[in-house]
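Each remark here refers to the structure printed beneath this line.
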Amino acid sequence: MGVETLIQSHKRFKNEYGKKYINLFKELVDKGQSPKTLFISCSDSRVVPNLITMTRPGDLFVTRNIGNFVPPYDPECECSATPAVIEYALVHLNVENIIVCGHTDCGACKALYYEIPDNEEEVHLRRWLRFGEDAKIQALGLVGTQDQATLMSATEKFNVIEQIKNLLTYPAVKRKVEEGELFVQGWYYHTESGDLEYFNPVEYRFLPVEENV
Ligand SMILES: [Zn+2]
């Protein structure tokens with residue numbers, strides 16, 4: 350889909366959704382945004398937070414990156430985009446939920462298993478993927494390399510679990526969770542079907558969301 354098509358689509362958006370939601374748009378400017386949930390997902394074009402949760406403008410505070418990674422808390426870390434979003438969401442927006450959403454067929458998780466060329470065109474990508482290493486180690490330890498599909502699924506799921514662990518290294522996250530002011534949950538979205546699973550920490554496995562209602 351080229352830029353021309355996107356502009357045409359925006360005109361349709363303005364005519365259709367713009368008219369329908371104009372009052373909401375104005376209200377969100379007058380009162381400001383107050384989303385209750387920070388949604389951390391992969392940049393993958395098939396994972397669209399507002400679409401899969403059927404939410405409106407103002408509902409989700411979203412950050413997306415390659416692999417839905419959360420760099421562990423480190424005041425000296427150069428990778429501060431995602432940490433800055435987390436801090437803003439907690440300190441200024443007072444979100445009550447954080448969702449880390451992984452997904453099937455994740456290119457970032459696949460990339461953990463091959464060597465990214467050590468050159469200037471992929472230097473950041475190569476460095477960024479280190480945040481998936483713990484998930485890879487866990488998955489290899491559990492399922493080995495016999496079945497690629499099982500290994501990938503395990504890597505993608507462990508990736509969600511590991512990123513939640515990283516999230517809990519942030520002082521504000523840890524404090525709010527302990528005080529009952531913040532709920533953190535891991536999701537696993539199936540890009541091929543739209544199905545969704547959530548991580549149940551008690552059973553230490555992912556379950557269909559239908560069992561969470
Ligand atoms: Zn992905």
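Residue numbers (the working numbering): 350 to 562. All residues carry an ideal CB built from backbone N, CA and C; glycine is no exception. Small disclaimer: the values here were computed from a predicted structure and weren't measured.
For this session: Taking only runs that begin and end inside the region 470–508, name each unbroken alpha helix (DSSP H) of 4 or more residues, in chain order.
Result: Whole alpha helix (DSSP H) segments, 4+ residues: 472–477 and 482–492.
Exercise. Which two residues bound the contiguous alpha helix (DSSP H) that contains residue 436?
Worked result: Note, residue 436: alpha helix (DSSP H), 430–440.
Exercise. Can you name, in chain order, every residue of its own chain whose Cβ lies under 7 Å from the Cβ of residue 547, other than the five neighbours on each side?
Worked result: Result list for residue 547: 534, 535, 536, 555, 556, 558 and 561, in chain order.
For this session: Output the residue ranges of the alpha helix (DSSP H) runs that lie fully inside the region 372–455 and measure 4 residues or longer, sorted by chain position.
Result: The region 372–455 contains these whole alpha helix (DSSP H) runs: 398–401 and 430–440.
Exercise. Listed by chain order, which residues have C-beta atoms less than 6 Å from any heavy atom of ligand 1?
Worked result: My final list is 391, 393, 416, 452, 455, 456 and 457.
Exercise. Are there three or more Cβ pairs, one per stretch, closer than 8 Å when the region 486–504 is compared with the region 422–436?
Worked result: A contact is defined here as three or more CB-CB pairs under 8 Å, and the region 486–504 fails this definition with respect to the region 422–436.
Problem set entry | Sub-9 Å separation of residue 390 and residue 419 beta-carbons | No, they are not a contact pair.
Problem set entry | Under 9 Å between C-beta atoms of residue 448 and residue 522 | In this structure, residue 448 lies away from residue 522, with their beta-carbon atoms at least 9 Å apart.
For this session: Along the beta strand (DSSP E) that carries residue 533, what are the first and last residues, could you check?
Result: Boundaries of the beta strand (DSSP E) around residue 533: 532–538.
For this session: Grab me the residues of residue 386's own chain with a C-beta within less than 8 Å of its C-beta, minus the 5 sequence neighbours each way, in chain order.
Result: 408, 409, 410, 444, 445, 446, 447 and 448.
Exercise. Is there a Cβ from chain B that is less than 9 Å from the Cβ of residue 472?
Worked result: The structure shown contains no chain B; it holds only a single protein chain.
Exercise. Which residue's Cα is closest to the Cα of residue 549: 541, 525, 542 and 506?
Worked result: Of 541, 525, 542 and 506, the residue nearest in Cα terms is 506.
Exercise. Hey, how far is the Cα of residue 541 from the Cα of residue 453?
Worked result: Each residue's Cα considered, the two are about 8 Å apart.
For this session: Could you name the residues that DSSP lists as bridge partners for residue 549?
Result: BP columns for residue 549 point to 554.
Problem set entry | Helix, strand or coil at residue 510 [DSSP, three-state] | Assigned with DSSP and collapsed to three states, residue 510 falls in helix.
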